[in-house]
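Right, one structure below, let's go through it.
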Amino acid sequence: MKYFIKTFGCQQNQADSERIDAAFHSRGMTKAKGYKDADYVVINTCMVRQSAENRVYGLVNNLGKLKNENCKLKIVVTGCMVGLAFRDKTGLYIRRLKEIMPQVDEFMPIEEIGFDNSPVRQDDKHAWIPISNGCNNFCTFCVVPFTRGREVSRPYEDIINEAKELKSKGYTEIMLLGQNVNSYGADLVKSSKLKPVYVKHLGRYRIPTLFPHLLEQIAKMNFKKVYFISSNPWDFSDELIYVIAKNKNITRTIHLPVQSGDDNVLKRMNRWYTRDEYLDLVANLKFKIKNLKLTTDIIVGFCSESDAEFQSTVDLCKQVGFEKAYVSMYSPRFGTAATKVFTDDVPHKTKRERWQILEDLINKPHLKKHARV
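In structure tokens, the structure reads:
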């Protein structure tokens, strides 16, 4: 029996697919070269945007035509779309998926693929290490807490042991993955012997984390480069900045999603920082970490975003001088707060124009502006 895996979405999905690969391999199956050679096609889905969902629907439709030629072909869908379907207590989303994709033989929650088998790595030098799964933040636009659930940290020693194993096998670069790596270990602090780092937020030290400890211990294993993604601005501790500055093998390119540069939009998004707080963090990072580069995520056309609010985002981008930005046009996501309390009232034409402005400003080198922070 042969299997083929198609992955959509972020690095976390890519890492999940490496574990799916290991699970199928452990059953005595071999990897197919393509869809036509496979007995099983596993589609690891993303649904952070409607366009990501649409690509899945299109692929399944095309695979359905292959099933007419090969009646033994099985289509398995997993990942974020299935995560949402199994967490949606109304049952509406799973019924919707079954109606749109009747060709699918199984909707498999990614949780069924554990960490019992070593991932089948796609690279012999660079490796992903998931350190947590899920998110507790509930930004109004984001479906991740519904697709992956609440944040759960992997055991500290399991991560350390995986890093040691990778080092012994000659891996030189690793990336630590989580929806928000900064809050890693918040659910482990009561059972951990390590002293948690508390991050000051909303006027008091209230967010415990073990991530500075974890990052430093892995950096001291002498990997050539240690990366991590993704970080939220509101719990980026001074201790974490110190660890990065002190260990030269930790990446100097930090992904720090801002989403918007306007306080009113940030409030509607349920992002727990202000424009000025974000800029203060950027200034602190640049002051303490030499040769720092910042990348970010930005959503344009979020519910009721005015021209003036968008201009605030443009101005912030000019000040920060991002190395790269992943700019997206807002699209409503099933089950999120934004779909329940706001209206998607910014015309698509306006979203597209705003997307192009930021694309030209940040991602086209000959049009980039110099940072002023």
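Residue numbers for the sequence shown follow the working numbering, beginning at 17 and rising by one. Note that CB positions come from ideal geometry on N, CA and C, so glycine has one too.
Does DSSP classify residue i as helix, strand or coil?
i: M345; result: strand
i: L226; result: coil
i: Y187; result: coil
i: I175; result: helix
i: G99; result: helix
i: W144; result: strand
i: Q30; result: helix
i: Y221; result: strand
i: L192; result: strand
i: I373; result: helix
i: E325; result: helix
i: N307; result: coil
i: S276; result: coil
Spatial neighbours of residue i within its chain, please: CB distance less than 6 Å, with the 5 preceding and 5 following residues excluded, ordered by chain position.
i: T290; result: D279
i: V362; result: G317, E321
i: S253; result: V213, V215
i: K304; result: I257, A261
i: H271; result: I245, S246, T311
i: Q30; result: T23
i: P161; result: C151, F154
Taking the straight line between their C-alpha atoms, what separation do you get for residue i and residue j?
i: E232; j: N86; result: 51 Å
i: W250; j: D313; result: 15 Å
i: I176; j: L192; result: 11 Å
i: R164; j: L377; result: 33 Å
i: K18; j: I223; result: 46 Å
i: C157; j: L226; result: The identity of residue 157 in the sequence shown is Phe, whereas the question assumes Cys. Each residue's alpha carbon lies about 27 Å from the other.
i: Q28; j: T366; result: 31 Å
i: Y346; j: E293; result: 24 Å
i: I129; j: Y51; result: 22 Å
i: R287; j: N248; result: 9 Å
i: Y56; j: V92; result: 7 Å
i: K380; j: N196; result: 28 Å
i: R111; j: G186; result: 46 Å
i: E178; j: E127; result: 19 Å
i: T395; j: W144; result: Here the chain has residues from 17 to 389 only, and residue 395 is not among them.
i: V72; j: R103; result: 19 Å
i: E255; j: S148; result: 20 Å
i: F326; j: R370; result: 8 Å
i: N198; j: C155; result: 16 Å
i: D121; j: E115; result: 13 Å
i: R35; j: M285; result: 33 Å
i: S134; j: Q372; result: 42 Å
Taking all protein chains shown into account, do 16 or more other C-beta atoms lie within 10 angstroms of the C-beta of residue i, making it buried, or fewer, making it exposed?
i: D139; result: exposed
i: R1; result: The structure shown does not extend to residue 1, since the chain is modelled only from 17 through 389, so no value can be given for it.
i: D37; result: buried
i: L108; result: exposed
i: A354; result: buried
i: M324; result: Note that residue 324 corresponds to Ala in the displayed sequence, not to Met. Exposed, by the Cβ-count rule.
i: S67; result: exposed
i: S246; result: buried
i: N77; result: exposed
i: P273; result: buried
i: R166; result: exposed
i: I300; result: Ile is not the amino acid found at residue 300; the sequence shown has Asn there. By the neighbour-count rule (16 or more Cβ atoms within 10 Å), N300 is not buried but exposed.
i: V357; result: exposed
i: E69; result: buried
i: T61; result: buried
i: Y221; result: exposed
i: F131; result: exposed
Return the Cβ separation of residue i and residue j in integer angstroms, given the expectation that the two are a contact with Cβ distance under 8 Å.
i: T23; j: S33; result: 4 Å
i: F350; j: V159; result: 7 Å
i: C319; j: D360; result: 6 Å
i: T352; j: S276; result: In fact, because the Cβ distance is near 16 Å, the residues do not count as touching under 8 Å.
Which residues in the same chain as residue i place their Cβ atom closer than 7 Å to its Cβ, once the five residues preceding and following it in sequence are excluded?
i: L113; result: M97, A101, F123
i: H386; result: Here H386 scores only 46 on pLDDT, less than 50, and its place in the model is too uncertain to base an answer on.
i: L297; result: P249, F252
i: Q119; result: V76, L79, G80, K83, I91
i: H229; result: L210
i: V343; result: I314, V316, W371, L374, E375
Can a CB atom of chain D be found closer than 7 Å to the CB of residue i?
i: D361; result: Absent from the structure is chain D; it holds one protein chain and no more.
Using a threshold of 6 Å, is the CB atom of residue i nearer than that to any non-hydrogen atom of the ligand PLP?
i: S134; result: Within the structure as shown, the ligand PLP is missing, as the structure has no ligands at all.
Leaving out five residues before and five after residue i in sequence, what residues of the same chain have Cβ atoms less than 8 Å from its Cβ?
i: N238; result: K183, N265
i: L204; result: S169, P171, Y172, L226
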